[in-house]
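**Student:** Before I ask anything, let me first share the structure, which is written out below as structure tokens.
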Amino acid sequence: MCPECGYSANVEAAPSIIKNENKIPKEELKEVSTPGTGTIEELCDFLKIPAENTAKAVVYQKNADDSYIVAFIRGDLDINETKLTNAVGEDIHPAVIEDDSILTAGFIGPVGISDKVTVYFDNSLEGIDYLVTGANKVDTHYTGFNVERDCPDAKYVDLAKITEGGICPNCGKPVINISRGIEVGNIFQLGTKYSKAMNFTYTDENGKEQYPIMGCYGIGVGRMAASICEVRHDDYGPIWPITIAPWQVHLCCLRSDDAECKEKADEIYETLQNMGIEVIYDDRKARPGAMFADADLLGVPVRVVVSPRNLAENVVEISTRDKSIDKQKTPVDQAVTEVQNIINKLT
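Using UniProt numbering, read the sequence shown as starting at 1 and increasing by one per residue.
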């Protein structure tokens, strides 16, 4: 998310924009001995260089045939597996290197790599004059590697995970924030795949038949409920907006064994029901505290409490789950009208 312009995306889709600084000048490609440097950290410590000047090899295999894929990326960055899967065009999984005649684990590089391997270069390597990369031999690396010079046919692909403080792809400011969220909707561009399969066409302004570009749009109902609970809750339960609440009113009869109390509660329930208002009616023989705790847990927007004590004053108690109304005493004969007014305000 960008706090400056409001841009947001999930990490699988967000483009990673990298600005490289050439802190080490260009040199000739040179093979050097680097014993015991099978990781980027060990290599940087051995050669006294920053990770930004290394080309890290990340190895995957295709699910279909287990053939190897090597993605090269700047040593301080990580591969976004979804981006790589999209670039490959089929399902992949992290590799288990069992054949060292094809790949030398810890020392893999693009120069002299086996032609049995499919190679990808992340955008982060573009324009860097000096890189260190594996030489495809144990305890050996190349210094002075330059993608444009040493792999002139290389094509760059966005494969990196976007990072905290990264550059916003919309406004260009280095202020990206990464936080957890819930994806409640999605859009998939289907292109012309299905319109061609169904031979579905339209006639354009020139009288020529064209295949329409299709899209798929979805909202996850279950995810919507979870995300609403995430942002509208307190220590006692959810606080449902009235537009999606399972009921609009939670009616509590605190003494169902009291004839007058039960009669008034029944009357309010039936009137609200006849008005088309959705009501959950709690007339259990339970303690008031337990009934109120359950009401909080259900999170229904409007609560109406009928009790002998309130009826002695000819009132009922009305409150809202979001605390916009807290224990308002309303005359019994005005209770239904007041509930309707509150619902209208909350809607």
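Even glycine gets a Cβ: it sits at the ideal position worked out from N, Cα and C.
Can you tell me which of the three DSSP states Phe292 falls into?
**Tutor:** Under the three-state reduction of DSSP, Phe292 is assigned to helix.
**Student:** Apart from the five residues on each side of it in sequence, which residues of its chain come closer than 8 Å, Cβ to Cβ, to Ile79?
**Tutor:** Val58, Ala71, Ile73, Asp122, Leu159, Ala160 and Lys161
**Student:** From Val315 to Val332, what does the alpha carbon distance come to, in whole angstroms?
**Tutor:** 5 Å
**Student:** In chain order, what residues of the same chain have a beta carbon less than 8 Å from the beta carbon of Asp139, not counting five sequence neighbours either side?
**Tutor:** Ser33, Thr34, Pro35, Gly36, Thr37 and Phe107
**Student:** Would you call the CB atoms of Glu27 and Thr104 closer than 9 Å?
**Tutor:** Not a contact, by the Cβ cut-off of 9 Å.
**Student:** Could you tell me the distance, in whole angstroms, from the CA atom of Ile18 to the CA atom of Val157?
**Tutor:** Going from the Cα of Ile18 to the Cα of Val157 covers about 12 Å.
**Student:** Keeping to the same chain, check which residues put their C-beta closer than 6 Å to that of Ile219; ignore five residues upstream and five downstream.
**Tutor:** Gly185
**Student:** Quick check on Ile176: buried or exposed, where buried means 16 or more other Cβ atoms within 10 Å of its Cβ?
**Tutor:** buried
**Student:** List, from N- to C-terminal side, the alpha helix (DSSP H) runs of 4 residues or more that fit wholly inside the segment 293-346.
**Tutor:** 308-311 and 335-346
**Student:** Buried or exposed: where does residue 381 fall if 16 or more other Cβ atoms within 10 Å of its Cβ makes it buried?
**Tutor:** This structure gives no information on residue 381, because the portion of the chain shown stretches from 1 to 347.
**Student:** With the cut-off set at 9 Å, would you say Lys56 and Gly75 are in Cβ contact?
**Tutor:** yes
**Student:** So the candidates are Leu29, Asp153, Glu21 and Tyr60; which of them puts its Cα closest to the Cα of Ala51?
**Tutor:** Glu21
**Student:** Which full runs of the alpha helix (DSSP H) of 4+ residues lie inside the segment 207-246, going along the chain?
**Tutor:** Taking only runs of at least 4 residues, the alpha helix (DSSP H) segments lying wholly in the segment 207-246 are 221-231.
**Student:** Do Ala141 and Glu31 have their C-beta atoms within less than 9 Å of each other?
**Tutor:** With the sequence shown as reference, residue 141 is identified as His, and Ala is not the correct amino acid for it. Yes, the pair counts as a contact, with Cβ atoms nearer than the cut-off.
**Student:** Residues in its own chain within less than 8 Å of Val111 by CB, not counting five upstream and five downstream?
**Tutor:** Leu29, Thr133, Ala135, Asn136, Tyr142, Phe145, Asp150 and Cys151
**Student:** Could you tell me how far apart the beta carbons of Leu43 and Tyr60 are, in whole angstroms, since I believe they sit closer than 8 Å?
**Tutor:** Incorrect: roughly 21 Å between the Cβ atoms, too far for contact.
**Student:** Going by C-alpha distance, which of Cys229, Gly299 and Asn170 is nearest Cys2?
**Tutor:** For the residues Cys229, Gly299 and Asn170, the minimum Cα distance to Cys2 belongs to Asn170.
**Student:** In chain order, what residues of the same chain lie with their CB nearer than 6 Å to the CB of Asn310, ignoring the 5 residues before and after it?
**Tutor:** Val316 and Glu317
**Student:** Spell out the partners DSSP gives Gln273 in its beta bridges.
**Tutor:** Gln273 pairs with nothing; no bridge assigned.
**Student:** Can you give me the C-alpha to C-alpha distance between Leu190 and Glu148, rounded to a whole angstrom?
**Tutor:** Rounded to whole angstroms, Leu190 to Glu148 spans 35 Å at the Cα level.
**Student:** Do Met214 and Leu254 have their C-beta atoms closer together than 9 Å?
**Tutor:** no
**Student:** Go ahead and pull the three-state DSSP assignment for Leu43.
**Tutor:** helix
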